[in-house]
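Right, one structure below, let's go through it.
Numbering (the numbering used here), first residue to last: 114 to 187.
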């Protein structure tokens, strides 16, 4: 079951905390940033958060960089 992200008002992203996978509704290259602005991971269509330290991360799409989601990794 896909669980909601912390901030995702328009529904462009889904995040499943159980599997640790973030998926974009918009296909393309995804970037996962730490709250310090550092690029942590990249993926095409989806990004895994498994193995990352607890915290809040920002997920952005190359196709729509103004659309982002904040993801809480526990």
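All residues carry an ideal CB built from backbone N, CA and C; glycine is no exception.
Given the structure is predicted, the values throughout are model-derived calculations rather than measurements.
If you look at residue 156, you'll find it in the beta strand (DSSP E) that goes 152-157. Here the C-alpha atom of residue 166 lies approximately 22 Å from the C-alpha atom of residue 142. Distance check between residue 175 and each of 169, 159 and 147 places 159 closest, using alpha-carbon atoms only.
Beta-bridge partners of residue 137 (DSSP): 126.
About 5 Å separates the Cβ atoms of residue 153 and residue 145, confirming a contact at the 8 Å cut-off.
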